[in-house]
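If you read the sequences in order, they're chains A and B. Quick note on numbering that gives the first Met the number 0: the first sequence kicks off at 0 and runs consecutively. Quick note on numbering that gives the first Met the number 0: the second sequence kicks off at 0 and runs consecutively. The beta carbon of each residue, even a glycine, is placed where N, CA and C say it ideally should be.
2 protein chains.
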Amino acid sequence: MTTRQEQRAETTERILAAARAQLAEVGAAALSLRAVTREVGMVSSAVYRYFPSRDDLLTALIIEAYDAVGEAAEAADHGGEPLERWVSVWRAVRAWAREHPAQYALIYGSPVPGYAAPQDTLPAAGRVAIVLARIAIEAGGPVAAPPPAVRNALAPDLLPGLTAELAPAAMAAFTQLFGTVGFELFGQYENVVHDRDTFFDHVARTAGATCGL
Amino acid sequence: MTTRQEQRAETTERILAAARAQLAEVGAAALSLRAVTREVGMVSSAVYRYFPSRDDLLTALIIEAYDAVGEAAEAADHGGEPLERWVSVWRAVRAWAREHPAQYALIYGSPVPGYAAPQDTLPAAGRVAIVLARIAIEAGGPVAAPPPAVRNALAPDLLPGLTAELAPAAMAAFTQLFGTVGFELFGQYENVVHDRDTFFDHVARTAGATCGL
DNA sequence: GCAGGAACGAGAGCAGTGCTCACACAAGGG
DNA sequence: CCCTTGTGTGAGCACTGCTCTCGTTCCTGC
């Protein structure tokens with residue numbers, strides 16, 4: 000007694016699940032539509048009833064990934080000392096990235112060729128930033144005042160309570176987080192950083208300090 | 000009067016040049032061997048006399064890119080105030096990245112699928128880091144002492160003069176540089192950071208301060 | 001000085017890709 | 001109950017990386 004809409008939603012989910020699995024296995028650029036449909040059990044041309052192109056499938060996976068890492072960050076933010084909350088969120092993002100390297104690469108690595116990140120991805124992209132910024136805002140610790148010109152470099156009202164004094168430091172910390180995770184994941188720390196847990200925690204704490212934690 | 004070796008070197012260079020051009024145009028993952036050979040004016044199978052596979056061609060391009068960005072960094076380091084040298088190198092890396100986004104993505108973006116960065120790329124990869132570290136070492140300014148555990152997190156003797164006190168800060172700054180450039184290039188600052196020159200300079204100076212500049 | 005072998009480019013071919021299109025069939029609303 | 005709409009099929013197009021065979025051309029050892 001499933002209506003056509005339910006059937007469609009279910010098939011869409013089955014395609015996405017197969018795509019997710021393939022993404023984890025072979026990475027974004029090698030993700031093959033035909034392999035996905037083979038796994039689902041339909042012929043290759045059928046998938047175009049659900050996703051107009053391979054890029055649209057990728058977009059769906061990108062949004063999923065942003066949501067997943069955002070959720071991981073939010074779930075890791077259980078109260079306590081501001082700095083401990085902050086470090087906990089950093090660790091959660093790193094842990095998620097290590098568990099899902101292909102998805103991480105999809106959203107924070109180089110954009111897929113010929114693929115322009117559509118506006119659809121923007122809301123989901125900010126969730127981690129919001130979690131981190133909120134911790135810094137609530138802590139309300141002292142922050143080194145940025146030069147006047149820098150205060151206007153960022154968009155105003157990114158988040159309620161995110162002052163022009165705090166915003167540059169928060170943005171830099173946000174960048175540092177994903178830079179560090181990315182460098183570890185993409186092999187730049189090979190033969191250089193041995194104890195990555197310790198180094199990462201140290202970077203997290205140092206970045207936290209610049210945001211008044 | 001060209002010997003066979005000269006001929007071979009020349010053809011190799013022509014292939015690389017065409018590959019470089021195509022890389023800039025369509026990106027790494029869409030780089031097509033056949034298109035490259037078409038541009039060079041030979042048939043697709045001939046290229047395998049020069050590069051055993053597409054990945055080997057990519058490896059050659061990766062090494063080229065590391066060398067190019069390293070050279071840009073070195074060229075930008077004309078003496079003066081340590082902090083000014085530091086900022087100048089940061090700017091040079093960013094400028095190179097904006098001029099060569101595809102090459103930048105190739106080396107600092109997500110690894111190309113199925114492609115494991117071979118050891119060949121390691122020496123070239125460190126050039127920018129060496130330029131930056133040397134500036135910090137020569138400046139010899141005060142650096143916040145890292146906790147004892149962090150001192151052992153990095154490989155010792157990365158560079159002569161790079162003390163265990165300075166190394167974590169230098170590594171973090173190095174990461175911050177490529178994180179910031181990457182975020183700008185890959186679209187994460189869209190709708191968030193408006194004045195990117197100003198913001199970037201500010202991050203550079205702040206990172207310099209953590210390294211004693 | 002010349003025969004033999006290595007290097008080289010051409011062309012056909014294989015298995016795979018994204019995507020399009022005409023077609024058949026079933027579901028469900030008027 | 002008919003007929004529009006949604007859905008899956010299979011053939012096919014143009015492309016990819018890569019392999020293999022086959023002539024030709026160049027260089028080297030005798």
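- Distances from the alpha-carbon of A/A91 to those of A/G139, A/G160, A/G78 and A/E70 put A/E70 closest.
- Under the 8 Å criterion on CB atoms, A/Q175 is classed as interfacial with respect to chain B.
- For B/G79, the number of other beta carbons within 10 angstroms of its own is below 16, and it is reported as exposed.
- Classified as buried, A/Y103 has 16 or more neighbouring CB atoms from the shown chains inside 10 Å of its CB.
- At a cut-off of 8 Å, the C-beta of A/V149 has a neighbouring C-beta in chain B.
- Where A/V202 is concerned, the enclosing alpha helix (DSSP H) starts and stops at R195 to T209.
- Those residues of the stretch 129-145 of chain A placed with their C-beta closer than 9 Å to a C-beta in chain B are A143 and P145, ordered along the chain.
- DSSP lists B/L153 as the bridge partner or partners of A/V192.
- For chain A, the residues of the stretch 199-212 of chain B that bring a beta carbon within less than 7 Å of one of its beta carbons are H201, V202 and T205, in chain order.
- DSSP places B/D76 outside both helix and strand once states are collapsed to three, so it counts as coil.
- Counting every other CB atom within 10 Å of its CB across the protein chains shown gives B/D200 a total of 16 or more, marking it as buried.
- Taking the C-beta atoms as reference points, A/L161 is found nearer than 8 Å to A/A132.
- With 16 or more other Cβ atoms inside 10 Å of its own Cβ, B/Y188 counts as buried.
- Residues of the same chain with a CB within less than 8 Å of the CB of B/R195, apart from the 5 flanking positions on each side, are E183 and Y188 in chain order.
- Distance from the CA of B/A67 to the CA of B/R19, rounded to the nearest whole angstrom, comes to 12 Å.
- Shown here, A/Y49 sits in coil according to DSSP, grouped into three states, outside any helix or strand.
- For B/P146, no alpha helix (DSSP H) encloses it, and the DSSP letter there is neither H nor E.
- Inclusion of A/I106 and A/A64 in the CB contact set at 8 Å is warranted, their separation being smaller than that value.
- Cβ atoms of A/V42 and A/I14 stay farther apart than 8 Å, at about 13 Å.
- Secondary structure at A/S31: coil, using DSSP grouped into helix, strand and coil.
- Put simply, the CB of B/H193 is near chain A, with a gap under 8 Å to one of its CB atoms.
- DSSP, reduced to helix, strand and coil, places A/E63 within a helical segment of the structure shown.
- Residue range P100 to Y107 is occupied by the alpha helix (DSSP H) that includes B/P100.
- Across the stretch 59-75 of chain B, no CB contact with chain A closer than 9 Å is found for any residue.
- Non-local C-beta neighbours of B/V142 in its own chain, meaning closer than 6 Å and more than five positions away in sequence, comprise E164, L165, A168 and G211, ordered along the chain.
- Using beta-carbon distances, A/F50 does not count as an interface residue toward chain B, since no partner is under 8 Å.
- Taking the Cα positions, B/A138 is about 10 Å away from B/W85.
- For A/T11, the secondary structure class from DSSP, reduced to helix, strand or coil, is helix.
- Going by C-alpha positions, A/I62 is about 39 Å away from B/E73.
- Contact annotation: B/T58 and A/T179 have beta-carbon atoms that are not nearer than 8 Å.
- Close partners of A/G160 in chain B (Cβ separation under 8 Å) are lacking, with about 16 Å as the shortest Cβ gap.
- Taking C-beta atoms as the reference points, A/I129 and A/L176 fail to come closer than 8 Å.
- Across the structure, A/E83 and A/A16 are spaced so that their CA atoms are roughly 35 Å apart.
- Between A/A34 and chain B, the shortest Cβ-Cβ separation is not below 8 Å.
- A/A144 and A/R48 have their alpha carbons spaced roughly 54 Å apart.
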